[in-house]
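In UniProt numbering, the protein residues as written are 1 to 221. Don't be surprised by glycine CBs; every beta carbon is placed ideally from N, CA and C. Treat the numbers as computed from the prediction; the structure is a model and nothing was measured. Notes follow once the structure below has been shown.
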């Protein structure tokens with residue numbers, strides 16, 4: 001039996017890559033059950049017109065960042081995938097929880113069940129604040145060994161919320177804190193988020209007066 005992790009990663013990579021640029025109707029069958037809506041909505045089940053429903057959140061989608069993913073085999077030819085991530089649109093970003101039951105047949109993937117919820121962004125911000133309060137006194141020797149971070153210089157009076165809003169579109173933020181005005185340390189929960197920030201360079205941040213510093217320049221002044 002092929003590892004569920006391998007199959008899940010391949011499916012998710014293919015699915016989200018296509019979701020950003022083309023039709024994905026080939027993943028759906030006449031018996032696919034689809035549920036999609038906001039975090040506190042009561043979700044209805046759809047068993048037809050999947051492409052029309054999916055298009056509502058596919059339109060203007062530019063990128064998808066996956067914060068975490070879990071997969072497990074449910075049958076020999078079926079597996080479940082649970083994803084938490086972020087949809088990046090032209091004018092906004094939206095956190096989501098996305099769960100699939102997928103059947104593999106003749107090297108093709110078919111979605112049996114799909115449930116997608118758009119999450120309340122404020123919960124993410126509250127989480128960052130609570131983690132900051134918890135870890136401020138033991139950042140060094142703890143987070144540095146387990147997380148990925150960048151050091152940021154910024155204009156005076158920049159708030160933590162400003163930093164979160166700028167960087168959260170790249171993926172999941174683990175912590176944001178500052179030891180002096182004009183400098184923040186932003187820690188991410190996975191390497192892919194850090195790489196996405198680094199690949200963008202300073203172009204987007206210059207517009208806000210933010211600058212990513214070399215790792216050894218943080219807070220030493």
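Excluding sequence positions up to five away, which residues of its chain have a Cβ less than 7 Å from the Cβ of residue 104?
7 and 77
In the structure shown, what three-state DSSP assignment does residue 156 receive?
coil
For residue 205 and residue 30, what's the separation of their Cα atoms in angstroms?
46 Å
Are the stretch 144-163 and the stretch 68-86 touching, with three or more C-beta to C-beta distances below 8 Å?
no
Just curious, the alpha helix (DSSP H) that residue 57 is in, first and last residue?
50-58
Helix, strand or coil for residue 46 per DSSP?
strand
Is any beta-carbon of chain C found at less than 9 Å from that of residue 16?
Judged by its chain identifiers, the structure shown contains no chain C, having just a single protein chain.
Simplified DSSP state of residue 19, which is helix, strand or coil
helix
Who are residue 149's beta bridge partners in DSSP?
187
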